[in-house]
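First comes the structure, then the notes that go with it.
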Amino acid sequence: MNSDLEKIDLIRSRTGVTYREAKKALDDAGGDVVEALINLEESERSCSGGTGQDEFTEKVQGRAQDILEHVKSMLQRGQDTRIKVKQGERTVFEMPATMGALGVLAALASSELAILGALGTATAMAKKYTLEIEHRSKKGEGQSEQPATGETFTYKNPPVQ
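Set out below in structure tokens:
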């Protein structure tokens, strides 16, 4: 009797089940503690629907999907936003904001590109160019994209004294 109680205590300490569950598992395994532990582990795994690794993988995949959707949304907003360089009313250069962001990252990564960017900025300021950032809202099908009211930012160089 003492040995059965020790076996049940061992099963309970390793699995955290009740005395009743430990005794039933031990009886079902014919008194074999290892077999009882294996049976309890398998029954717990089938009740929980999978292993902890499966649950972790599902969580990571779900989070990765959320991040991917967020990145897609940011890229779409960047495509809807245009950066324009103007001289007077004439548009000299126009590009999506995402390309401008990539240019800034490239300038940060390369000293040659940073110098070219600085020279271009100085030249644009000397020639009195205007920087305009315009957000285009999507309209229904068949309608052209138009800038939404109040969604254009314009930077004009201050007059040189």
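For the sequence shown, my numbering gives the first residue as 285, with consecutive numbering after it. Beta carbons are placed, not taken as given, at the ideal position from N, Cα and C, and that holds for glycine. Please read all numbers here as calculations on a predicted model, not as lab measurements.
Inset, instruction - Reducing DSSP to helix, strand and coil, say where Thr375 ends up. - result: strand
Inset, instruction - Whole angstroms is fine: what's the gap from Arg296's alpha carbon to Gly314's? - result: 17 Å
Inset, instruction - Pick helix, strand or coil for Lys368, following the three-state DSSP scheme. - result: Strand.
Inset, instruction - Starting from the C-beta of Ile322, find all residues in its chain whose C-beta is less than 6 Å away, skip the five residues before and the five after it, and write them out in chain order. - result: none
Inset, instruction - Please report how far the alpha carbon of Gly424 lies from the alpha carbon of Asp364, in whole angstroms. - result: Confidence in Gly424 is poor, its pLDDT being 48 and thus under 50, which makes the residue's placement unreliable; the coordinate value appears in the next sentence. About 15 Å.
Legend entry - Top-ranked residue by Cα proximity to Leu359, from Gly384, Leu294 and Leu324: Gly384
Inset, instruction - Below 6 Å CB to CB, which residues in the same chain sit around Thr299 once its five sequence neighbours on both sides are set aside? - result: Leu324
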